[in-house]
Amino acid sequence: MNRYSQTQIKFDSFSSFSLSLSPINTEVQYRSRLLTDPFKWRGQATRISRPNWWVLLGGMGTGKTSLVLRFVKGQFFDYQESTIGAAFFTQILSLNEATVKFDIWDTAGQERYHSLAPMYYRGAAAAIVVYDISSADSFIRAKKWVQELQRQGNPNLVMMLVANKADLEDKRKVANEEGEQYAQENGLFFIETSAKTSQNVNELFYEIAKLLAKACPTRPKGMNLHDEARGRGRRRFCCSA
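Heads up: the sequence shown at position 2 corresponds to 2 in the UniProt record's numbering, and the numbers run straight through without jumps.
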């Protein structure tokens, strides 16, 4: 049985806010460590009342670190070393509604670090669950993360399911419709990205910042925001009414 009821509306495009959502400052603290308290490092200068750090979760090699580096520093590396423990970034964005500062915790994908994950996602404002479209196993792993977050995460948590490596279309193992359907059934936001080509990377982070700036009191309940401009990729979102 689905946890959330589903309704759908259309969202024309990101163009209405793409110009107003721009980084005004970037603090990059790329730290790889086994034990770090996210409460110690969370952002201070923000108009969002809830704790404002975000966490990236997903299997090893899904491109979590590449997504963050593409967004924060505009960089992409064909080979990216595996994260040990967690890496930490800070970003400040200017939105129409507010200036938002948030911390991003990029967690390790290796199974041996799984027990550390609750330290980063408990109390987080948003969780970005990433899978690789060319790996069916990574999609299964992503579902397990979603289930864990539903059981143990912040009840107001904004969850985004991210189908990464959209540039590997010829190696696709997980259909876009499959990821989208799972997101709708579980009240998640959904987007396809490519850290390599930068497809939808900014939109991913900007949309979360915009949603959190609205300080919605309840977690997403399945409203589908559908971008019909599919020229650069598919983007669908489910958010609360």
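Each residue gets a CB set at the ideal place from its N, CA and C atoms; glycine is no exception.
Looking only at C-alpha atoms, which of Gly59, Asp167, Asn52, Val100 sits nearest to Arg141?
Closest by alpha carbon: Gly59.
Drop a sphere of 10 angstroms on the beta-carbon of Gln199, count the other beta-carbons inside from all chains shown, and report buried for 16 or more, exposed for fewer.
Sixteen is the threshold: when 16 or more other Cβ atoms of the shown chains lie within 10 Å of the Cβ of Gln199, as they do, the residue is buried.
On a CA-only basis, which of Leu69, Gln147, Thr197, Glu178 is nearest Ala127? Give me that one, please.
The residue with the shortest Cα to Cα distance from Ala127 is Gln147.
Nearest-angstrom Cα distance between Asp132 and Ile208?
Roughly 20 Å separates the two Cα atoms.
Whole angstroms are fine: how far does the CA of Lys210 sit from the CA of residue 243?
Outside the shown range of the chain, which is 1 to 241, sits residue 243, and nothing can be said about it.
Helix, strand or coil: how does DSSP classify Val174 here?
Val174 falls in the coil class under three-state DSSP.
When Ile104, Lys143, Gln181, Ile92 are compared against Lys64, the one with the closest alpha-carbon:
Considering only alpha carbons, the answer is Ile104.
Specify, as a first and last residue, the run of the beta strand (DSSP E) that Leu56 falls within.
Here the beta strand (DSSP E) through Leu56 covers 53 to 58.
What is the DSSP secondary structure of Asn200, counted as helix, strand or coil?
Reduced to three states, the DSSP call for Asn200 is coil.
So, helix, strand or coil for Ile92, using DSSP?
Three-state DSSP puts Ile92 in a strand.
Are the CB atoms of Ala163 and Phe205 within a distance shorter than 9 Å?
No; because the gap between Cβ atoms is not below 9 Å, this pair is not in contact.
Bridge partners for Lys101 per DSSP, in chain order?
According to DSSP, which records beta bridges pairwise, Lys101 is partnered with Ile92.
Ala127 - partner residues in DSSP beta bridges:
Paired residues: Val55, Met159.
The alpha helix (DSSP H) with Ile140 in it runs from where to where?
136 to 152 is the extent of the alpha helix (DSSP H) around Ile140.
DSSP puts Asp132 in a beta bridge; with which residues?
Beta-bridge partners of Asp132 (DSSP): Asn164.
Between the Cα of Lys214 and the Cα atoms of Val100, Leu57, Ser138, Leu188, which residue gives the shortest distance?
Ranked by Cα distance from Lys214, the options Val100, Leu57, Ser138, Leu188 are led by Val100.
Using 8 Å for Cβ pairs, my map puts Phe102 next to Trp54. What's the rounded Cβ distance?
Indeed, because the Cβ distance is near 6 Å, the residues count as touching under 8 Å.
Cβ-based burial, Glu180 [other Cβ within 10 Å; buried from 16]:
By the Cβ-count criterion, Glu180 is buried, with 16 or more other Cβ atoms from all chains shown falling within 10 Å of its own Cβ.
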